[in-house]
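As structure tokens, the structure follows; a few thoughts come after it.
Here it is in structure tokens:
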């Protein structure tokens, strides 16, 4: 089984980290490849960053299709381009946010997500809602540290996360914590040990879910919504700017 | 890894079937044991049947705990006693309905559930809602065949299921089908082949999800909602009937 | 009219209390009998306790059916086995949580529930959601006292409840309070007097709703979802344990 | 106990009918008075009719307050002015739509509402949603007969209702029927007998709920949302029309 | 284009204010007339005030219809009688609450509403829900000042609003503020300047939306829900009071 | 006022059409420019097409920012990249789906959307849900014609649309129709005339809403969710592919 782990941003050190997280839990018979595009934002912090990263990410999936990849994991917690990716792929495509939420809904009754920057809170809330977890998700919190700050000062990142997990237990009555950024992946076990509450990392969750789905023989449905994009003849016309009212 | 597969009803032939489904997809390193209680209903068709089956099912989980079982699968689509089971178990407890729905939400945008008797439709709708899939589930349908009818006349069962899947594609625009009864498990591949749409069997889904969760090291959260039942000294009083107003 | 009040736990002093609450509000022409099983948990604190209490509770309902009982009240705020009970009974079955919530939605626009232990909070939240009161319920709070603690130290219980009601008024803008445990029943009037806000006890509410439904001639619908359990021939097979993969 | 039944439209024959329905189920110790204003629409078919009827209805409640009425029933299925009425009254105010829905959610898992004109369908759907019954209400149907048509041709009305109930059973899998107009009240038992499904009339339901709430001692909460309207000194200014832009 | 701005309360100074707000943003080619009835409450603070104001407001719309008005704005944040008004009018009828919420959902991801009295909070929450903004609205807050207090002490009103907006930014993570009372209209720009967050006044929003809808040629749909009220012959019977049970 | 209308696909004839629709309703003082990128799909039919079009669309918005554009309209019914666009723009960004839905919720109580291909149905349903119109939207239908088919055979397109609108009136009880593709824009008036029901074209709606928002002085909130993308130093590392497990 071959799983392609795509970090949609262009920071190779994050790609290494998510690969490390993945390899630690994968079956030895699972082949895992991790890639990142070059020309995408160095981190995904908001919808514009997402949008600029998705075409290159889809391109990695197309390459994966040619190489017989069995399943794909999108290693960014915003699950950027998830629906688009599923249209292109035959095998299952797992978003780390959706996988982490599914795990959280299975091992706890109520959970809290903790992410990096406050600007990602509404994005993650919208995902929580789209994945049907509104009722189970107590809160989406942020430690107010940029994504790359996790890498630059991991000690401070860990301190902030431990503090925020404490608040989630106390104020939200959270029963499990979902880490809201792929870059937090390697801290997962230490955070759980420090706080006494299950801490779920989406990369880990997604890789295991990917193995599970491939192992069961599931493929992305090509009936309607996730059907392959229609092949269309290119438009003959070049770029255009027209002016209507000349106010 | 040891997974305990519990068929909560007392029909041993169904236990054999779900075990067969489980073994076909499990990793060779996964040990799978399947059990069923003796004194529970022969099939689970409604809330009263569920209620009568749960204590014996919990008792199997308690035995499993003593034997070091790593995860549990409840092999009945009503997910009877799921929350109770999670209170008792340390490892993850997977309901086949929840697992199937999580798969359906990952490989399709819209799905339909097909179950046996119409009386189970509101029960399953309530589960769909509890698992956050209201928006993704197009419909819950029934073929109007009792659970044991699947075993007694598998040819007719298959014919009815193929017909109902056709309606689900046509009338519901379903993109995937979830089989709403553990007893349909072995028909899964044939139905998918016959209808050209992914068909998801909960037993298969749950066993793979169980492997995934154990493989990732996840355990049921013991913070609050799924904490072990409190140990209480038995009440000294015997049974009681009191009459208030003697109208 | 004969109403059977079932305390699903085995603590007879609680049965007496709920009976007292019931008799105080019932019409003199209403005959009220209160029972509790012997072999169930001494208090219901979580899903496992519920599950262990339901079969004996259903058995009381079957007896009630033979005796011509007109309606049933389940005197535990988790409404354990409510759907199952309705399948078995001809007359209406009233859960004290559902009845209290219906009253709260009629005499106020927003209410808060106050229960005993925090572990019951997600259970009650799920009931609130199932009964369609998500929008009207501001909060579910807990005084962090076990169920039997209400009986052991009623003075402390009352102090904690008054304090929590104060917070509900202030922080939640609650307009009414629902007491989230049958064991709080007799405190209801004192709490309301002390805090100046309507306080709703589920036992009282359920008994009056039961009288209302019987008085209007309503019976549980036997069309589909609450139809009587199907009568099934017992399975010929004894208990079974099978091992699939021997990892 | 004194219950005031207010028919907000000005058709006295409907007032007589709802009184008859009420008296049939009320306890002999319950005093029931039924009134209707004179200057309101002859039937309530839409929001404008509602709006024109509410002030006179509130005026009846104010009179009732002076006379020591214990509870109020608004005998129109749109529950017009329900929140306003609760601000004015001390005792509980019961809307027949809300009461019927609460009964339907107690004796069945899924119900369908059948009303007179299609234009009332969205109004009733909005009430169903406001009362938290979206998940339990299968459908809102209309027989396409004006409200007064029920009175003018009761035979045809009954025929249409029997037919529509048949469709609700077949197409909606309804387990109970809620009659969506006070004017259908007296047909209730015949419809249930003819169709074999519980049929719920809101007037009956509301009167019994009113008795129950008064019997339990519940009053409308005067904390915040349903507090009495503030007393304000009249504005000194007379009517005004101002023109801003004179385009 | 002729827009009729109706202040449903009888305080002419508020009518002047809302007209001033309207004129400041309207196109010069838009004719704006502002009216208020005489015999309605001096301010709308709750459902009873609303109910007493609506018939006179509908009467203004009927006059507007005769004068060829193109669109109507109801200048009270409770959107009283909005559905009724749309039944009567041919042109679009804009509620200032709905318009403000639509703007807030367009220029921000999450907003908070700030109104006058706490008693209006549940009313506004219900509107937020009816307009589909539950997920986007972080909170509904109140400064605990009566509506006419805005006029009597505008300095204090502004101070309270600035303070509450600060809390909304901090505690709710609001990204925009909706002013929950027509009487706050003229403070809008100053509040936005003082707090650095977009502040949306419903009168402004509604007037511009009204221009937009008329400019696009949209009229209120007369298919079903908003169809004109049916013309009915008046009931021959005069007022009626009947007594059923003489308890 | 300068509004930039962006057709995200590369088909210039569609750009001309949407410009024509826009100019017909815009104020003469509004300057409208319409553009389309060259290297995007010829039509947007699904998530992958969307993803490939968004970066070039954002680039047009960046150009617009430099040119002092006041508001932006995204002329594709999937509202692709709407959140991303709002992060980049200072002025309001209007999606034609959101604008059309807001209009539909203002002039009717229930509406149906009619789009081109069935594969877009779940996409549009998700938008309807995100915009809070689940309760108001009766159905999303498709005429099963590709986007460019509208241009190639407008007579057939019109015939199919008239037929589907008929079904929406009859089967969905729709009170207004929303056209679910920018390419249907010019058919709007003819469809409304032919079917007697308001038909809403998103381009028209969005242009008028854009004028309204600019006219009122609203800008996109830069507090949190729609703040400008953070400026980040480019990552020093080039592309990377790593292999973890070599199964």
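Chains as they are written, first to last, in this note's numbering: chain V, 68 to 314; chain G, 68 to 314; chain Z, 68 to 314; chain P, 68 to 314; chain S, 68 to 314; chain B, 68 to 314. Note that CB positions come from ideal geometry on N, CA and C, so glycine has one too.
*asked:* Tell me which residue opens and which closes the alpha helix (DSSP H) that residue 192 of chain V is part of.
replied: Bounds of the alpha helix (DSSP H) holding residue 192 of chain V are 188-197.
*Scan the segment 247-301 of chain Z and note each continuous beta strand (DSSP E) run of 3 residues or more that stays entirely inside, going in chain order.*
Listed in chain order, they are 266-268.
*So what does residue 71 of chain V bridge to, in DSSP terms?*
V/100, V/139.
_With DSSP as the reference, identify every bridge partner of residue 161 of chain V, one or two as the case may be._
Answer is V/140, bridged to residue 161 of chain V.
*Strand pairing of residue 180 of chain P, partner residues [DSSP]*: According to DSSP, residue 180 of chain P bridges with P/207, P/245.
_Interface residues of chain S facing residue 196 of chain V [CB-CB closer than 7 Å]_ = By Cβ distance, chain S contributes 202.
*Output yes or no for whether 7 Å exceeds the beta carbon distance between residue 127 of chain Z and residue 102 of chain Z.*
Yes, the pair counts as a contact, with Cβ atoms nearer than the cut-off.
*Given a threshold of 16 other Cβ atoms within 10 Å of its Cβ, counted over all protein chains shown, does residue 313 of chain S qualify as buried or as exposed?*
When all chains shown are included, residue 313 of chain S counts as exposed.
*For residue 95 of chain B, does the count of other Cβ atoms within 10 angstroms reach 16, so buried, or fall short, so exposed?*
Burial call: exposed.
*Could you check the C-alpha separation between residue 195 of chain Z and residue 115 of chain G for me, to the nearest Å?*
Using only the alpha carbons, I get a separation of about 22 Å.
*With DSSP run on the structure shown, which of helix, strand or coil describes residue 222 of chain V?*
Residue 222 of chain V: helix per DSSP, three-state reduction.
*Per DSSP, which one or two residues make a beta bridge with residue 309 of chain P?*
Paired residue(s): S/101.
*In angstroms with no decimal places, state the Cα-to-Cα distance between residue 88 of chain V and residue 111 of chain Z.*
Each residue's CA atom was taken as its position, placing residue 88 of chain V and residue 111 of chain Z some 41 Å apart.
*On the three-state DSSP scale, how would you describe residue 215 of chain Z?*
Residue 215 of chain Z: helix per DSSP, three-state reduction.
*Check whether the Cβ atoms of residue 271 of chain S and residue 283 of chain B sit closer than 7 Å, and answer yes or no.*
Contact: yes.
*Kindly say whether residue 100 of chain S, judged by its beta-carbon, lies nearer than 7 Å to any beta-carbon of chain P.*
Under the Cβ distance rule, residue 100 of chain S counts among the residues neighbouring chain P, one pair being separated by less than 7 Å.
*residue 234 of chain B to residue 278 of chain G, Cα distance in whole Å?*
Roughly 48 Å between the two C-alpha positions.
_residue 95 of chain S (DSSP reduced to helix, strand or coil)_ = Note: residue 95 of chain S maps to coil in three-state DSSP.
*asked:* Taking CB distances under 7 Å as the criterion, tell me whether residue 311 of chain P reaches chain S.
replied: Residue-level contact by beta carbon holds for residue 311 of chain P and chain S, with a gap shorter than 7 Å.
*Nearest-angstrom Cα separation, counted from residue 191 of chain Z out to residue 200 of chain Z*: Looking at the backbone, the Cα of residue 200 of chain Z and that of residue 191 of chain Z are separated by about 11 Å.
*asked:* Is the separation between the beta-carbon of residue 74 of chain S and that of residue 92 of chain S shorter than 7 Å?
replied: No, Cβ-Cβ distance for residue 74 of chain S and residue 92 of chain S is not below 7 Å.
*Is there contact between the segment 197-214 of chain P and the segment 233-249 of chain P, where contact requires at least three CB pairs shorter than 8 Å?*
By the C-beta criterion, the segment 197-214 of chain P is judged to be in contact with the segment 233-249 of chain P, since at least 3 inter-stretch pairs fall below 8 Å.
*Cβ-based neighbour list, residue 246 of chain G, same chain, cut-off 6 Å, excluding 5 preceding and 5 following*: Spatial neighbours of residue 246 of chain G in its own chain (CB-CB distance under 6 Å, excluding positions within 5 residues in sequence) are listed in chain order as 268.
*Give every residue of the same chain whose Cβ lies closer than 8 Å to the Cβ of residue 229 of chain S, excluding the five residues on either side of it in the sequence, and list them in chain order.*
In its chain, beyond the 5 residues on either side, 258, 261, 262 have a beta carbon closer than 8 Å to the beta carbon of residue 229 of chain S.
*Report the option in G/308, G/300, G/289 whose CA atom is closest to the CA atom of residue 156 of chain G.*
In this structure, G/289 is the residue among G/308, G/300, G/289 with its C-alpha nearest to the C-alpha of residue 156 of chain G.
_chain V contacts made by the segment 172-191 of chain Z, where a contact means CB separation under 9 Å_ = For the segment 172-191 of chain Z, the residues whose beta carbon sits under 9 Å from a beta carbon of chain V are, in order, 185, 188, 189, 190.
*residue 142 of chain G: which of G/223, G/79, G/297 sits nearest, CA to CA?*
Nearest neighbour of residue 142 of chain G by Cα position, chosen from G/223, G/79, G/297, turns out to be G/79.
*Which of helix, strand or coil DSSP assigns to residue 122 of chain P*: It is helical.
*Measuring only between beta-carbons, confirm whether residue 49 of chain S sits less than 7 Å from chain P.*
Because chain S is modelled from 68 through 314, residue 49 of chain S falls outside the range shown and cannot be assessed.
*residue 250 of chain B: which of B/217, B/198, B/180, B/174 sits nearest, CA to CA?*
Ranked by Cα distance from residue 250 of chain B, the first of B/217, B/198, B/180, B/174 is B/217.
_Contact set for residue 266 of chain V: own chain, Cβ-Cβ below 6 Å, skip 5 residues either direction_ = Closer than 6 Å at the Cβ level, and outside the excluded window around residue 266 of chain V, lie 244, 255, 258, 259.
*asked:* Counting only Cβ pairs nearer than 9 Å, list the residues of chain B close to residue 139 of chain S.
replied: Chain B residues near residue 139 of chain S: none, gap ~12 Å exceeds 9 Å.
*What are the boundary residues of the alpha helix (DSSP H) that residue 154 of chain B is part of?*
From DSSP, the alpha helix (DSSP H) with residue 154 of chain B extends over 149-155.
_Restricting to Cα atoms, I'd like to know which of S/296, S/185, S/275, S/294 is closest to residue 165 of chain S._
Of S/296, S/185, S/275, S/294, the residue nearest in Cα terms is S/275.
*chain B beta carbons: is any one of them nearer than 7 Å to that of residue 234 of chain S?*
Not closer than 7 Å to any Cβ of chain B, the Cβ of residue 234 of chain S fails to qualify, so no.
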